[in-house]
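Residue numbers (my numbering): 4 to 336.
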Amino acid sequence: MVPNSETSASSTAPSVAPRSFRRLVGSDVDEALAFFGDGYDLREPRVRRTHQRTPWDFAGVGDDRMSLRSSRFGVDLQTESQTDDAFLVAWMRSGSSTITFEGESVELEAGVPVVLPFGSPYALHHRDIALNLVHLDRDFVRSVVGDDDFVFEPLRRPTAEGRRIWQDTVRAHSSRWLDVENGLGPLEQRDIAESFVRAAIAAFPERSRFRAAVTGTGPEHDRLRRALEFVHDHAREPIGTSEIAAASGLSPRGLQQSLRRNLGQTPGDVLRAARLDGARVDLLRASPDGTTVAEVARTWGFGHLGRFSASYRARFGELPSESLRVGGVTAGR
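Here it is, written out as structure tokens:
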């Protein structure tokens with residue numbers, strides 16, 4: 004949920020967008036819904052009053068790369084939302100909130116940051132919520148990462164170290180960013196935004212491409228994601244269709260039909276691709292002096308070296324021996 008409209012309060016050099024500031028305070032639920040409904044993608048919100056008067060407020064400072072925002076809304080609110088142009092890191096100050104995405108419901112914890120779902124609808128249930136948000140522009144994040152398809156894995160709590168990195172960044176830069184009375188130079192303004200992006204990358208996992216490939220939100224799609232997770236977690240092991248189906252909660256035939264319907268693949272296709280991807284990682288990390296292609300192939304369940312090399316070349320455009328040489332050169336630098 005990201006307000007789209009802000010009013011300019013300060014400016015910096017022409018080469019960087021000016022930070023803008025907005026502050027609103029009210030006590031009327033209809034006014035609050037008009038404001039949040041105008042700037043947020045709230046789909047048929049359902050509101051129940053929890054107070055005779057409804058305290059709400061919003062404050063935000065941002066540019067076209069990042070904004071720091073806080074909001075408070077003293078109601079019981081249920082709705083769907085979707086964000087397509089920004090990654091949102093959120094943490095509660097008070098109240099309670101449940102986010103439901105792809106069949107999984109997550110209760111937010113006070114002070115614990117999470118990345119909200121991106122690019123797909125999700126359901127939220129806020130109750131007397133006070134929330135902090137960091138809004139990171141999608142294209143800016145992807146430019147820092149160097150990957151045009153980068154997406155965070157939603158609703159995964161950071162590790163203890165990741166949480167420390169995120170909180171240290173918030174403490175180090177928030178007061179400077181929020182001080183709109185004193186201008187930031189273009190380099191400092193960009194550096195602060197990039198610091199938040201790098202902290203988010205360190206704190207929160209990337210959404211695996213195999214999970215992102217399943218775009219639906221129903222029970223079948225949730226089972227299919229469990230199947231893909233099992234494959235990628237156990238690709239080195241002697242697993243097959245029956246083991247994958249059991250892990251997903253589908254029958255073997257149901258698994259085959261679901262994969263065909265959603266991804267145009269068979270269980271064997273998915274398993275082979277996961278094993279080839281794993282083999283490539285190992286080859287690129289290995290030294291040619293201490294590792295052979297045959298050893299890596301066997302590790303990943305490929306018993307026939309010729310067929311492994313042909314499949315590898317078809318997937319990656321080079322022979323496994325070429326990847327091994329590249330890994331050795333990189334390791335030697």
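C-beta: ideal position from N, C-alpha, C; glycine also. From a predicted model like this one, the values you see are computed outputs, not experimental measurements.
8 Å Cβ cutoff met for residue i and residue j
i	j	result
THR302	ASP285	yes
VAL28	ARG52	no
ALA238	ARG278	yes
ARG72	VAL117	no
LEU119	PRO157	yes
ALA62	ARG96	no
SER84	TYR125	yes
SER326	ARG283	yes
SER30	PRO48	no
ARG316	LEU322	yes
VAL92	VAL137	yes
PHE90	PHE39	no
ASP87	GLY42	no
LEU139	VAL200	yes
LEU36	SER74	no
VAL183	ARG22	yes
ASP79	VAL50	yes
ARG179	ILE195	yes
GLU223	SER261	yes
THR337	LEU45	Residue 337 is absent from the model: the chain starts at 4 and stops at 336.
ASP67	GLN192	no
PHE153	GLU105	no
VAL64	TRP94	no
GLU197	VAL147	yes
GLY165	HIS129	no
PHE305	PHE311	yes
SER324	VAL299	no
Simplified DSSP assignment, three categories, for residue i
i	result
PHE311	helix
PHE24	strand
GLY29	strand
PRO323	helix
THR269	coil
ASP285	helix
ARG328	helix
ARG316	helix
THR302	helix
VAL280	Here the sequence assigns Asp to residue 280, which means Val is not the residue at that position. Of the three classes helix, strand and coil, the one that applies to ASP280 here is helix, per DSSP.
SER290	coil
One or two residues paired with residue i in a DSSP bridge
i	result
VAL109	ILE102
message: At 3 residues or longer, what runs of the beta strand (DSSP E) sit wholly inside the region 112-184?
response: 125-140
message: I'd like the ranges of any beta strand (DSSP E) spanning at least 3 consecutive residues and lying wholly in the region 34-103.
response: 46-52, 59-65 and 69-84
- request: Mind listing, in chain order, the continuous beta strand (DSSP E) runs of no fewer than 3 residues lying wholly within the region 181-261?
  value: none
field: Cβ contact (3+ pairs, closer than 8 Å) linking the region 241-258 and the region 195-212
entry: no
query: Quick one: any contact between the region 166-176 and the region 216-232, if contact means 3 or more CB pairs under 8 Å?
result: no
message: I want to know whether the region 223-238 touches the region 257-268 - three or more CB-CB distances under 8 Å.
response: yes
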